[in-house]
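Since the structure comes first, as C-alpha cells, the remarks are kept for the end.
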Amino acid sequence: MGLVAGLAAWAACPALAAAPAFDRVAAQGRYRAWFSAFQDDHRLDAGSSARSVVPDSRASVLLATLATEPQARRLFLALLRDAVVAGDGGRFPEPDPAYAATPVRAWYVHVDGGGQLESYFNDAARFRPYHLPPTGVLTRDAYPFLLFEDAPGPLRFAGVSREFWGIIDYLGNLPYA
Numbered sequence: 001m002g003l004v005a006g007l008a009a010w011a012a013c014p015a016l017a018a019a020p021a022f023d024r025v026a027a028q029g030r031y032r033a034w035f036s037a038f039q040d041d042h043r044l045d046a047g048s049s050a051r052s053v054v055p056d057s058r059a060s061v062l063l064a065t066l067a068t069e070p071q072a073r074r075l076f077l078a079l080l081r082d083a084v085v086a087g088d089g090g091r092f093p094e095p096d097p098a099y100a101a102t103p104v105r106a107w108y109v110h111v112d113g114g115g116q117l118e119s120y121f122n123d124a125a126r127f128r129p130y131h132l133p134p135t136g137v138l139t140r141d142a143y144p145f146l147l148f149e150d151a152p153g154p155l156r157f158a159g160v161s162r163e164f165w166g167i168i169d170y171l172g173n174l175p176y177a
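Numbering-wise, our numbering puts 83 at position 83 of the sequence shown, and it's gapless, one number per residue.
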C-alpha cells in the first residue's frame, strides 16, 4: 500500500476521526433563545416550564428548591443571563436511573463574575486544573457546565454541574460591604 492510500485509509477510519466541530456561535444563539424562553416560563404568572425545562429532571428539582431561596435564585439567574457557551462536553453519562430516560448533553459555559471568580477558578481543590476540555469530552473538575436535552430544536434545561453550582455557593459566601 502506498503512502497516499495508507493516509486515505487512516483518515477514513471512524475510530480515528476527530469529534465534529462545535459551532459556538450557533450554540450561543440557541442558548440565548433558551434563556429568553426560560425567563418567560419562570415569571410569576407562568403556568408551565416544559417549554424550557425537561420535566422531572435535575433542573426541575433545582428550580423547586430555588423558589424558596431568593438569594441563590438571583445569583443563579444572573449567572445564566451572563453565561457564554464555551464548548461541548458531549453526552452526560447519567448515573441516576431516575433521570436517565432523557439523554442530556453537557455544554461548557464561561462565567465572568466581574473579576470575583479568579480565586474560585484557581483553587486546585475545585479545578484540576481549570481548563476548557476538547470538544465532545466531558471532564469533571475542569470547567463549569450546564446540561441540556440532547435533541434538535429549542434547548430544554436538564441540570447544572457541581462546577457551576460551586460558583453560586462561592459568590453567596463573599463578604459584601
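Where a beta carbon is used, it is the ideal one built from N, C-alpha and C, also for glycine.
A quick note: this is a predicted structure, and the numbers were derived from the prediction, not measured.
Buried versus exposed call for residue i [16 or more other C-beta atoms within 10 Å across all chains shown]
| i | result |
| --- | --- |
| P181 | In the structure as shown, the chain starts at 1 and stops at 177, and residue 181 therefore has no counterpart that could be examined. |
| E69 | exposed |
| L155 | buried |
| A83 | buried |
| R74 | exposed |
| A64 | exposed |
Residue(s) in a DSSP beta bridge with residue i
| i | result |
| --- | --- |
| R105 | R91 and F148 |
| F157 | V53 and F148 |
| H110 | V84 |
Same chain only: Cβ atoms within 7 Å of residue i, ignoring 5 sequence neighbours per side
| i | result |
| --- | --- |
| F35 | L80 and R81 |
| M1 | Here the model assigns M1 a pLDDT of 48, short of 50, so the residue's position is not dependable, and the following value carries that caveat. Nothing listed; no residue qualifies. |
| S57 | Y99, T102, A158 and G159 |
Same chain only: Cβ atoms within 8 Å of residue i, ignoring 5 sequence neighbours per side
| i | result |
| --- | --- |
| F164 | L79, V109, V111, P144, F145 and L146 |
| V54 | S60, T102, V104, E149, R156, F157 and A158 |
Nearest-angstrom Cβ-Cβ length linking residue i and residue j, presumed shorter than 8 Å
| i | j | result |
| --- | --- | --- |
| G159 | L62 | 7 Å |
| T139 | G87 | Not confirmed; about 10 Å, so no contact. |
| D150 | V104 | 6 Å |
| Q116 | L77 | So it is not a contact: roughly 17 Å between Cβ atoms. |
| Q28 | V85 | 5 Å |
Beta-carbon contacts of residue i that lie in its chain and below 6 Å, excluding the five residues immediately before and after
| i | result |
| --- | --- |
| D41 | S49, R51 and S52 |
| Y258 | Any answer about residue 258 is impossible in this case: the structure gives the chain only from 1 up to 177. |
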